[in-house]
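Worksheet: one structure, shown below.
Numbering (the working numbering), first residue to last: 199 to 333.
Structure (C-alpha coordinates):
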(Lines of atoms letter the chains of each structure in order from A and count residues from 1; the text may use other names and numbers.)
(Lines give C-alpha, C1' and ligand atoms only; values in the text may rest on other atoms or scores of the structure.)
Protein backbone atom coordinates (compact mmCIF):
# COMPACT_ATOMS: atom_id res chain seq x y z
CA UNK A 1 0.00 0.00 0.00
CA UNK A 2 1.20 3.44 -0.91
CA UNK A 3 1.01 6.47 1.35
CA UNK A 4 0.53 8.82 -1.58
CA UNK A 5 -2.98 9.80 -2.62
CA UNK A 6 -4.43 8.65 -5.92
CA UNK A 7 -6.49 10.88 -8.21
CA UNK A 8 -8.66 9.64 -11.06
CA UNK A 9 -9.73 12.12 -13.76
CA UNK A 10 -12.78 10.99 -15.73
CA UNK A 11 -14.33 12.31 -18.93
CA UNK A 12 -16.33 10.41 -21.51
CA UNK A 13 -13.65 10.04 -24.18
CA UNK A 14 -10.56 10.37 -21.95
CA UNK A 15 -9.00 12.32 -24.79
CA UNK A 16 -8.99 15.99 -23.78
CA UNK A 17 -9.86 17.41 -20.36
CA UNK A 18 -8.96 14.34 -18.31
CA UNK A 19 -5.68 13.89 -20.19
CA UNK A 20 -4.72 17.53 -19.69
CA UNK A 21 -5.62 17.32 -15.99
CA UNK A 22 -3.56 14.16 -15.57
CA UNK A 23 -0.67 15.81 -17.41
CA UNK A 24 -0.79 18.85 -15.14
CA UNK A 25 -0.97 16.75 -11.98
CA UNK A 26 1.96 14.55 -13.04
CA UNK A 27 3.96 17.68 -13.90
CA UNK A 28 3.14 19.61 -10.72
CA UNK A 29 3.08 16.75 -8.18
CA UNK A 30 5.94 14.61 -9.46
CA UNK A 31 5.79 11.27 -7.71
CA UNK A 32 3.83 12.54 -4.68
CA UNK A 33 0.45 11.61 -6.20
CA UNK A 34 -0.65 8.59 -8.20
CA UNK A 35 -2.32 9.98 -11.32
CA UNK A 36 -4.98 8.09 -13.27
CA UNK A 37 -7.40 8.98 -16.05
CA UNK A 38 -10.16 7.11 -17.84
CA UNK A 39 -13.43 7.43 -19.70
CA UNK A 40 -16.67 5.52 -20.17
CA UNK A 41 -16.36 5.60 -23.98
CA UNK A 42 -12.66 6.22 -24.67
CA UNK A 43 -11.55 7.68 -27.98
CA UNK A 44 -8.85 6.01 -30.04
CA UNK A 45 -6.30 8.80 -29.47
CA UNK A 46 -5.74 11.87 -27.34
CA UNK A 47 -7.15 15.09 -28.84
CA UNK A 48 -4.39 16.68 -31.00
CA UNK A 49 -5.33 20.20 -29.88
CA UNK A 50 -4.97 19.12 -26.23
CA UNK A 51 -1.58 17.59 -27.05
CA UNK A 52 -0.46 20.82 -28.74
CA UNK A 53 -1.78 23.06 -25.95
CA UNK A 54 0.06 21.01 -23.33
CA UNK A 55 3.23 20.93 -25.41
CA UNK A 56 3.17 24.75 -25.41
CA UNK A 57 3.63 24.70 -21.63
CA UNK A 58 6.31 22.02 -21.70
CA UNK A 59 4.15 19.00 -20.88
CA UNK A 60 4.21 16.03 -23.24
CA UNK A 61 1.07 13.88 -23.21
CA UNK A 62 1.76 12.15 -26.53
CA UNK A 63 2.52 8.88 -24.75
CA UNK A 64 -0.96 8.75 -23.18
CA UNK A 65 -3.73 6.52 -24.49
CA UNK A 66 -7.44 6.87 -23.69
CA UNK A 67 -8.47 4.12 -21.27
CA UNK A 68 -11.80 2.59 -20.29
CA UNK A 69 -13.08 3.46 -16.82
CA UNK A 70 -12.82 0.31 -14.74
CA UNK A 71 -14.64 -0.33 -11.50
CA UNK A 72 -11.46 -1.38 -9.70
CA UNK A 73 -9.61 1.78 -10.75
CA UNK A 74 -12.36 3.99 -9.38
CA UNK A 75 -12.67 1.91 -6.22
CA UNK A 76 -8.96 2.19 -5.48
CA UNK A 77 -8.75 5.97 -6.11
CA UNK A 78 -8.86 8.46 -3.24
CA UNK A 79 -10.18 11.36 -5.31
CA UNK A 80 -12.39 11.07 -8.39
CA UNK A 81 -12.74 14.15 -10.57
CA UNK A 82 -15.32 14.16 -13.34
CA UNK A 83 -14.88 16.87 -15.93
CA UNK A 84 -18.38 18.33 -16.26
CA UNK A 85 -19.19 16.06 -19.15
CA UNK A 86 -22.09 14.11 -17.71
CA UNK A 87 -20.00 10.97 -17.31
CA UNK A 88 -20.96 8.62 -14.55
CA UNK A 89 -18.65 6.96 -12.12
CA UNK A 90 -19.37 4.35 -9.47
CA UNK A 91 -19.89 5.89 -6.04
CA UNK A 92 -17.96 4.44 -3.13
CA UNK A 93 -18.26 5.52 0.52
CA UNK A 94 -15.29 7.50 1.77
CA UNK A 95 -14.14 8.75 -1.62
CA UNK A 96 -13.81 12.40 -2.45
CA UNK A 97 -15.73 13.39 -5.59
CA UNK A 98 -15.49 16.62 -7.56
CA UNK A 99 -17.14 17.65 -10.79
CA UNK A 100 -15.23 20.32 -12.69
CA UNK A 101 -17.48 22.18 -15.15
CA UNK A 102 -15.20 22.69 -18.15
CA UNK A 103 -15.77 23.34 -21.84
CA UNK A 104 -15.25 20.33 -24.10
CA UNK A 105 -12.14 20.72 -26.29
CA UNK A 106 -13.43 18.17 -28.83
CA UNK A 107 -13.39 19.58 -32.33
CA UNK A 108 -11.79 22.87 -31.24
CA UNK A 109 -8.51 24.36 -32.34
CA UNK A 110 -5.63 25.02 -29.99
CA UNK A 111 -6.68 28.67 -29.58
CA UNK A 112 -9.92 27.49 -27.97
CA UNK A 113 -8.21 24.76 -25.95
CA UNK A 114 -5.67 27.06 -24.26
CA UNK A 115 -8.19 28.64 -21.86
CA UNK A 116 -9.48 25.17 -20.93
CA UNK A 117 -5.88 24.03 -20.32
CA UNK A 118 -5.24 27.06 -18.11
CA UNK A 119 -8.45 26.57 -16.11
CA UNK A 120 -7.50 22.94 -15.55
CA UNK A 121 -4.08 24.00 -14.28
CA UNK A 122 -5.67 26.34 -11.73
CA UNK A 123 -7.97 23.58 -10.49
CA UNK A 124 -5.16 21.00 -10.36
CA UNK A 125 -3.00 23.42 -8.35
CA UNK A 126 -5.84 23.89 -5.86
CA UNK A 127 -6.41 20.14 -5.63
CA UNK A 128 -2.71 19.53 -5.08
CA UNK A 129 -2.64 22.12 -2.28
CA UNK A 130 -5.50 20.28 -0.60
CA UNK A 131 -3.86 16.86 -1.04
CA UNK A 132 -0.40 17.97 0.11
CA UNK A 133 -0.95 20.99 2.39
CA UNK A 134 2.65 20.86 3.62
CA UNK A 135 4.19 20.98 0.12
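All C-beta atoms, glycine included, are put in the ideal place defined by N, C-alpha and C.
Around the beta carbon of residue 292, fewer than 16 other beta carbons sit within 10 angstroms, so the residue counts as exposed. Note on geometry: alpha-carbon atoms of residue 301 and residue 314 lie some 7 Å from one another. Looking at 264, 254, 270, the one whose alpha-carbon comes closest to that of residue 236 is 264.
In this structure, residue 308 sits near residue 251, with a CB-CB distance shorter than 9 Å.
Distance from the CA atom of residue 221 to the CA atom of residue 204, rounded to whole angstroms, is 14 Å. Pairing residue 244 with residue 217 gives a Cβ-Cβ distance under 9 Å. Residue burial annotation: residue 228 is exposed, with fewer than 16 other C-beta atoms found within 10 angstroms of its C-beta.
Taking the C-beta atoms as reference points, residue 295 is found nearer than 9 Å to residue 280. In the structure shown, residue 297 falls within a strand segment according to DSSP collapsed to helix, strand and coil.
For residue 309, the uninterrupted alpha helix (DSSP H) segment begins and ends at 308–329. DSSP places residue 236 inside the beta strand (DSSP E), whose first and last residues are 232–236. If you check the CB distance, residue 208 and residue 259 do not come in under 9 Å. If you ignore the 5 residues before and after residue 202, its C-beta comes within less than 8 Å of the C-beta of 229, 230, 231, 232, all in its own chain and listed in chain order.
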